[in-house]
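Sequence order for the protein chains is B and D. Each residue of the first sequence is one higher than the one before, counting from 133 in the working numbering. Each residue of the second sequence is one higher than the one before, counting from 36 in the working numbering.
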Amino acid sequence: MTVTIRVPAALAAHSGGRREVLVTAAAPTTVAGLLDRLAAELPALERRIRDERGSIRRHVNLYVDGEDIRSLSGTETAVPENADVTVMAAISGG
Amino acid sequence: MTETLLLAGTRKGLLLSRRRDGVWHNEPLALPMNAVYAVAVDTRGPVPRLFASATSEHWGPTVLHSDDLGATWSEPDHAPAVLPEDTGAALARIWQIQPGRPDERDVVYAGSEPAALFTSVDGGITFELVRSLWDHPHRPQWGAGAGGQAIHTILPHPRDPDRILIALSSGGCYRTYDGGQTWEAANQGVKVTFLPDPPQFPEFGQCVHKVAQDSADPERLYLQNHNGVYRSDDWGGRWTSIADGLPAEFGFSILADPHAADGAYVIPLVSDGFRFAPDFRCRVYGTRDAGASWSEIGAGLPGPGFYSLVLRDAFATDGASPAGLYFGTRDGSLYAGGADGWTEVANHLPDVLSVRAVVID
Numbered sequence: 133m134t135v136t137i138r139v140p141a142a143l144a145a146h147s148g149g150r151r152e153v154l155v156t157a158a159a160p161t162t163v164a165g166l167l168d169r170l171a172a173e174l175p176a177l178e179r180r181i182r183d184e185r186g187s188i189r190r191h192v193n194l195y196v197d198g199e200d201i202r203s204l205s206g207t208e209t210a211v212p213e214n215a216d217v218t219v220m221a222a223i224s225g226g
Numbered sequence: 036m037t038e039t040l041l042l043a044g045t046r047k048g049l050l051l052s053r054r055r056d057g058v059w060h061n062e063p064l065a066l067p068m069n070a071v072y073a074v075a076v077d078t079r080g081p082v083p084r085l086f087a088s089a090t091s092e093h094w095g096p097t098v099l100h101s102d103d104l105g106a107t108w109s110e111p112d113h114a115p116a117v118l119p120e121d122t123g124a125a126l127a128r129i130w131q132i133q134p135g136r137p138d139e140r141d142v143v144y145a146g147s148e149p150a151a152l153f154t155s156v157d158g159g160i161t162f163e164l165v166r167s168l169w170d171h172p173h174r175p176q177w178g179a180g181a182g183g184q185a186i187h188t189i190l191p192h193p194r195d196p197d198r199i200l201i202a203l204s205s206g207g208c209y210r211t212y213d214g215g216q217t218w219e220a221a222n223q224g225v226k227v228t229f230l231p232d233p234p235q236f237p238e239f240g241q242c243v244h245k246v247a248q249d250s251a252d253p254e255r256l257y258l259q260n261h262n263g264v265y266r267s268d269d270w271g272g273r274w275t276s277i278a279d280g281l282p283a284e285f286g287f288s289i290l291a292d293p294h295a296a297d298g299a300y301v302i303p304l305v306s307d308g309f310r311f312a313p314d315f316r317c318r319v320y321g322t323r324d325a326g327a328s329w330s331e332i333g334a335g336l337p338g339p340g341f342y343s344l345v346l347r348d349a350f351a352t353d354g355a356s357p358a359g360l361y362f363g364t365r366d367g368s369l370y371a372g373g374a375d376g377w378t379e380v381a382n383h384l385p386d387v388l389s390v391r392a393v394v395i396d
């Protein structure tokens, strides 16, 4: 199955300038499984989304087809085929 | 042509400034939106290698290096430093980057939050956790200062490859005599004023802010504590106060003069409960006799009316003889100078977190 990861402009330098990255994963998969695949292909991008424990960074939000995964099942949220996974910076900082 | 390169890591990026023919030229802020807690210059190779620890509030920590004096910065695809899975912890930021001894060309050390020591054997591109210190039985009792728990000082002994001394806030100093296999606390004589019935002198737990090594005698160390300025003549075995002669004993940073034996510098603050420069005047104090006496260094610093301060790693020398001194403030000013006076190199920067300087021929 193929999933589209939408990359914020701040991270485009780590995706070869692409704002959309197509990731192929074995179905069924989860957010964690998808990020494992991303880590194999674009590790510099993946490590900015989650830390070495596999936790999504505190000020990063992930949406699967528009739904915040923190309101779903976190990194165990199921990712359907052809889903859009959006990476966004949370509101924080100064 | 000789050039002085000044690196100032700030809360939101890295400023490089170059002094040519007596004039400072500030470059546009590099690594914007990254807190640069550590900068370093490795002069052991044919071309100096620059390092910057960059932490994004959103996207986490990394360590970058530059082999073209800051024109471009590189990092590995995979994280340069991570805490192994079994630790259950994640790296928050690198607080210190320290090149190893001259005869260990590719060895670079890093200290982090949470308190961990890392070693690189590939010139500072990738780092591995020093497990022996991570597993130290004191670890569960180590605390955190206001800035977070951090190993902020790493001092490889210049003559003995088996010796390294580190310092953390809070926990104090630890040293190894066997190449990092075992570590012992080295805080005898350093007071704690933030526990009941102060002062107390525990084996560990001190909030040591920074330690510097004398340029001529590596057994001699200088320590700026959370209340207290100390010297050790036996590489941390015993510390004695050298705060007499200073207007105050609190502060964050301490430096050794890179050429003058018994020379050190501090930037005092009144106390932990009143973190302002004495008389609200920004002042650097120096000693030429290992702390027996202190005097104000140079003129031209701001105040009265100076309400900012200098953080632990935002004070540096350039290694020249006589040494140039450099520091940055939390209100974003950057100064260069010494006994002949001070010059403001930059202002309106984000909070200055780390400063290093090098003279390049």
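Each residue gets a CB set at the ideal place from its N, CA and C atoms; glycine is no exception.
{"Query": "Just to confirm before moving on: does the CB-CB distance between GLN133(D) and ALA202(D) stay below 8 Å?", "Result": "no"}
{"Query": "Distance, Cα to Cα, VAL219(B) vs GLN176(D)?", "Result": "37 Å"}
{"Query": "Classify GLN216(D): buried if its beta carbon has 16 or more other beta carbons within 10 angstroms, exposed otherwise.", "Result": "exposed"}
{"Query": "Does any residue of chain D have a CB that is nearer than 8 Å to the CB of VAL153(B)?", "Result": "no"}
{"Query": "Please give the ranges of any beta strand (DSSP E) in the segment 152–199 of chain D, keeping only runs that are unbroken, at least 3 residues long and fully inside the region.", "Result": "185–191"}
{"Query": "Please determine, among SER250(D), PRO253(D), LYS226(D) and ASP232(D), the residue with the shortest C-alpha to C-alpha distance to GLN259(D).", "Result": "LYS226(D)"}
{"Query": "Please report the residue range of the alpha helix (DSSP H) in which ARG210(D) lies.", "Result": "Counting along the chain, ARG210(D) falls outside any alpha helix (DSSP H), though it belongs to the beta strand (DSSP E) covering 207–211."}
{"Query": "Which bits of chain D does ASP183(B) rub up against, with CB to CB less than 7 Å?", "Result": "GLY95 and ALA125"}
{"Query": "Quick one: which chain B residues come within Cβ less than 8 Å of HIS113(D)?", "Result": "PRO175, ALA176 and ARG179"}
{"Query": "Buried or exposed for GLY186(B), please, with buried defined as at least 16 other CB atoms from any protein chain shown within 10 angstroms of its CB.", "Result": "exposed"}
{"Query": "Interface residues of chain B around VAL98(D) at Cβ under 8 Å?", "Result": "Near VAL98(D) there are no residues of chain B at all, since even the closest Cβ is about 12 Å away, more than 8 Å."}
{"Query": "Beta carbons nearer than 8 Å to chain D: which residues of the segment 182–208 of chain B have them?", "Result": "ASP183, GLU184, ARG185, SER187, ARG189, HIS191 and VAL192"}
{"Query": "Could you tell me whether the Cβ atoms of TRP130(D) and LEU66(D) are closer together than 8 Å?", "Result": "no"}
{"Query": "In chain D, which residues lie with their C-beta within 8 Å of the C-beta of ASP143(B)?", "Result": "Checking the sequence shown, residue 143(B) turns out to be Leu, not Asp. Per Cβ cutoff of 8 Å: TRP94."}
{"Query": "State yes or no: is the C-beta of VAL211(B) within less than 8 Å of the C-beta of VAL139(B)?", "Result": "no"}
{"Query": "Please report how far the alpha carbon of GLU254(D) lies from the alpha carbon of HIS383(D), in whole angstroms.", "Result": "40 Å"}
{"Query": "Under 8 Å between the Cβ atoms of ALA349(D) and GLY376(D)?", "Result": "no"}
{"Query": "Mind checking if SER224(B) is an interface residue toward chain D, Cβ cutoff 8 Å exclusive?", "Result": "yes"}
{"Query": "Among VAL98(D), HIS113(D), PRO63(D) and VAL264(D), which one has its Cα closest to the Cα of PHE285(D)?", "Result": "VAL264(D)"}
{"Query": "Give the secondary structure of ARG163(B) by DSSP, where H, G and I count as helix, E and B as strand, and everything else as coil.", "Result": "The question names Arg, but residue 163(B) in the sequence shown is Val. Three-state result, VAL163(B): helix."}
{"Query": "Looking at TRP270(D): is its Cβ nearer than 8 Å to the Cβ of ARG210(D)?", "Result": "yes"}
{"Query": "Smallest Cα separation from ARG151(B): which of ARG190(B), LEU177(B) and ASP183(B)?", "Result": "LEU177(B)"}
{"Query": "Would you mind stating whether ALA365(D) and HIS244(D) have Cβ atoms separated by less than 8 Å?", "Result": "Before going on, a small fix: residue 365(D) reads as Arg here, not Ala. No, the Cβ-Cβ distance between ARG365(D) and HIS244(D) is not below 8 Å."}
{"Query": "Can you pull the chain B neighbours of LEU118(D), defined as C-beta to C-beta under 7 Å?", "Result": "GLU184"}
{"Query": "For ALA221(B), which residues in chain D fall below 7 Å Cβ to Cβ?", "Result": "HIS93"}
{"Query": "Quick check on the DSSP output: what are the complete beta strand (DSSP E) runs of length 3 or more inside the segment 135–179 of chain B, in order along the chain?", "Result": "152–156"}
{"Query": "I'd like the span of the beta strand (DSSP E) that includes GLU148(D), first residue to last.", "Result": "143–148"}
{"Query": "Let me confirm a value: GLY367(D) is counted as buried when at least 16 other C-beta atoms fall within 10 Å, else exposed. Which label applies?", "Result": "buried"}
{"Query": "DSSP state of THR90(D), grouped into three classes?", "Result": "strand"}
{"Query": "What does the Cβ neighbour count give for THR37(D), buried or exposed, with the cut at 16 atoms within 10 Å?", "Result": "exposed"}
{"Query": "Within 10 angstroms of the Cβ of GLU213(B), are there 16 or more other Cβ atoms? Answer buried if so, exposed if not.", "Result": "exposed"}
{"Query": "Quick one, which of ALA278(D), GLY359(D) and PRO282(D) has its alpha-carbon nearest ALA325(D)'s?", "Result": "ALA278(D)"}
{"Query": "Check each candidate in GLY207(D), SER167(D), THR122(D) and ALA145(D) and name the one with the smallest Cα separation from ILE189(D).", "Result": "ALA145(D)"}
{"Query": "So does the segment 56–71 of chain D actually touch the segment 164–173 of chain D, counting three or more Cβ pairs closer than 8 Å?", "Result": "no"}
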